[in-house]
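Chains as they are written, first to last, in the numbering used here: chain A, -2 to 238; chain B, 66 to 186. Idealized CB from N, CA, C, for every residue including glycine. Please read all numbers here as calculations on a predicted model, not as lab measurements.
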Amino acid sequence: MPIEEAELVFQGYPTNKQLEIISATRDPRKREELYYFVPDCTELIQLSSTEDVLQILSTSLGTGYASILIPCLSSDQFEEMMDIVIWKNGELDQKSLDIWLFELSLCDDEDLSRFLHRIDIGILASMLRGRFEINSEFLALMIESGTIDPSSKEIQFKDDRSKHILDAVWAADENLFTRLLYEVFELDKEELTSEFDASLEKAKEERDQRVEVRDRQMGIQVTEEQILQTVDLKKLDLKDR
Amino acid sequence: MSDIIGYENRLFLAKVISHGVNTDEISLERVEEMKQEVAEISHKLVAIKADDFSSNFEIKHHVRTGIEMINLGLEHGSQKDITKATRLLNKNHLVKFFQIGNSLKKESRHEISSSEEIFLS
């Protein structure tokens, strides 16, 4: 069937039928094509399960093409996705952070700022640490006094993507920008390092709670903690009667 | 559960389930519960371990790993005694066997540091 004809047939179905067809298409590339059968796939994406959309995004992560679909995600879907992709074995995964930073940097400012508010500041700092420098003897003072912004000549970016992200943070919330710089440069090192660790720990706890709530809603009782837990093989705790 | 039995009929887990169902020691209701438990473990394993969520190969690998770990844990917990294993399957959530299998694998990895991380890499 020619594509134009297939699009018309697909568009003729009610939304729930379209979602049924999409969900039944297991090949993520073919599933992605179905979303493009409608003029604006935002609603279909947002009504799809996060896992299904994540599978599609994963086919193009790191190429820049994922950023075409990312703006279609709802903020909740984005947060759920982050809760899955940037954590591996209960730890932050730098490789995933890097890939997602790249894709996010290609989104427009409005979408980017919508999503940035759903990423914990400690995680955001992990994404950006080492990607830019501030050349000033009075780094802390400049940050503290709010005299620095992404266009300041003292900031040297190592890549465009981090500049784009910082621009978006600045445009979205100046206070967030300042807090982010504190985190990135670990100012008052002793105090802030422990604060940073605590912030990451808190982010992880909050993420774990969100994951558990979502799992319970889906009827999943097994927890991530149980999967990662090892047992004392000499003292097995198995019921036998 | 027929999927698991069909998936690898040499697995101890599959033998125990067949035995339990044939002798009425494992009810069909428990079989349904175990299907759900396997699905939950696989789901979590994919979410925790997968690098490329678009790769069906990788997802299948993690699902297979989950079943292999449950199998390993059941073998260890029952000392390969099929009667004991049947009782254990009835009384314990499959995640318990997964944890045992996973712990065994980690322990053997420590012992044989040069061995490849076949399962939970």
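Rounded to whole angstroms, what's the CA-CA distance from Leu78 (chain B) to Ala115 (chain B)? Just pull it up for me. 25 Å
Taking just the CA atoms, how far does Ile124 (chain B) sit from Gly166 (chain B)? 19 Å
If you measure from the beta carbon of Asp89 (chain B) to each beta carbon in chain A, is any gap under 8 Å? no
Using a Cβ distance threshold of 8 Å, determine whether the segment 133 to 151 of chain B contacts the segment 60 to 74 of chain A, with at least three qualifying pairs required. no
Interface positions of the segment 44 to 61 of chain A facing chain B (Cβ-Cβ less than 9 Å), listed along the chain: Glu48, Leu51, Gln52, Ile53, Leu54, Ser55, Thr56, Ser57 and Leu58
Beta-carbon within less than 6 Å of Leu197 (chain A)'s beta-carbon, same chain only, minus the 5 sequence neighbours each way: which residues are those? Gly119
Strictly by DSSP, which residues pair up with Glu130 (chain A)? A:Gln153
Closer than 8 Å, Cβ to Cβ, to anything on chain A: give me those residues from the segment 129 to 154 of chain B, in chain order. His141, Gly142, Lys149, Arg152 and Leu153
At least one CB of chain A closer than 8 Å to the CB of Ile113 (chain B): is that the case? yes
What does DSSP give as the partner residues of Trp84 (chain A) in its beta bridges? A:Leu89
In angstroms, rounded to a whole number, what distance separates the CA positions of Leu93 (chain B) and Asn155 (chain B)? 11 Å
Should Ile147 (chain B) go down as buried or exposed, given a rule of 16 or more other Cβ atoms within 10 Å for buried? exposed
Could you work out which residues of chain A lie near Glu172 (chain B), taking near to mean beta carbons separated by less than 9 Å? Thr227 and Leu230
Outcome for Met124 (chain A) when other beta-carbon atoms lying within 10 angstroms are tallied against a minimum of 16: buried
Proximal residues of chain B, C-beta to C-beta of Asn13 (chain A) below 9 Å: None at all; the shortest Cβ gap to chain B is about 24 Å.
Going by the C-beta, is Leu233 (chain A) closer than 7 Å to any heavy atom of the ligand PLP? Only the bare structure without any ligand can be found here, which leaves the ligand PLP out of the picture.
Counting only Cβ pairs nearer than 9 Å, list the residues of chain A close to His108 (chain B). Glu48, Asp212, Met215, Ile217 and Val219
Among the candidates A:Asp90, A:Arg115, A:Thr227 and A:Lys27, whose CA atom is the shortest distance from the CA of Leu70 (chain A)? A:Arg115
CB contact below 8 Å: Gln223 (chain A) versus chain B: yes
Outcome for Glu2 (chain A) when other beta-carbon atoms lying within 10 angstroms are tallied against a minimum of 16: exposed
Given that Phe77 (chain B) touches chain A, what residues does it touch there, using C-beta distances under 8 Å? The premise fails here: Phe77 (chain B) is roughly 15 Å from chain A at the closest Cβ pair, so nothing lies under 8 Å.
Just how far apart, CA to CA, sit Arg152 (chain B) and Leu89 (chain A)? 40 Å
Near Lys160 (chain A), which residues of its chain fall below 6 Å by C-beta distance, leaving aside the five closest residues on each side in sequence? Phe154
Within-8 Å CB hit, Ile183 (chain B) to chain A: Residue placement at Ile183 (chain B) is flagged as unreliable, the pLDDT there being 47, under the threshold of 50; a coordinate-derived value is accordingly withheld.
Answer with buried or exposed for Gln214 (chain A), where buried requires no fewer than 16 other C-beta atoms within 10 angstroms of its C-beta. exposed
Inter-stretch contact (C-beta, 8 Å, three-pair minimum) for the segment 103 to 115 of chain A and the segment 128 to 138 of chain A: no
What residues from the segment 129 to 163 of chain A come within 7 Å of chain B, judged by C-beta to C-beta, listed N to C? none
Let me see if you follow: with CB-CB separation under 8 Å, is Asp170 (chain A) close to chain B or not? no
Distance check for Leu178 (chain A) and Val219 (chain A), CA to CA, integer angstroms please. 38 Å
By Cβ distance below 6 Å, which residues in the same chain neighbour Pro147 (chain A) in space, the five residues on each side in sequence not counted? Leu163, Asp164 and Trp167
Burial state of Ile0 (chain A), where buried means 16 or more other Cβ atoms lie within 10 Å: exposed
Limits of the alpha helix (DSSP H) - the one that Gln15 (chain A) falls within: Thr12 to Ala21
With 8 Å as the threshold, decide whether the Cβ of Asp205 (chain A) is near any Cβ in chain B. no
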